[in-house]
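Written below as C-alpha cells is the structure these notes are about.
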Amino acid sequence: MDALGVRDELIAYGPLLSDDGDTWLGTAALVRAPTPGATRAILTVGRYADVEVHHWQFGGRPT
40 MDALGVRDEL
50 IAYGPLLSDD
60 GDTWLGTAAL
70 VRAPTPGATR
80 AILTVGRYAD
90 VEVHHWQFGG
100 RPT
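Under the numbering used here, the residues of the sequence shown are numbered 40 to 102, in order.
In C-alpha cells:
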C-alpha cells in the first residue's frame, strides 16, 4: 500500500479470524479516502472475492 502513496491514509490493516483464531475469514482495512472508489483502487485487484466499503469517521458512523 505504501507504493500507492497511501501510507498516511492507512489507519489499520489486518486479518479477520474466526473466534478460535484458526480460520482466516477476510481482511479489514481502515483507510481514509475521499470516495469509495478511491478506497477500492487501493486494494489489490482480484485478491478479494468481495469488497465492502462503509462510510465511517472517528467517533463512529455519521447519523
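We treat Cβ as the ideally placed atom computed from N, Cα and C, and that holds for glycine.
As the structure is a prediction and not an experimental result, all values here were calculated from the model.
Item, Value
"Three-state secondary structure (DSSP) of G85", "coil"
"Extent of the continuous beta strand (DSSP E) to which P101 belongs", "That residue, P101, is in no beta strand (DSSP E); it is neither H nor E in DSSP."
"Beta-carbon spacing of V84, T78 below 7 angstroms", "no"
"Span of the beta strand (DSSP E) around W63", "63 to 70"
"Where G60 sits in the DSSP three-state scheme", "coil"
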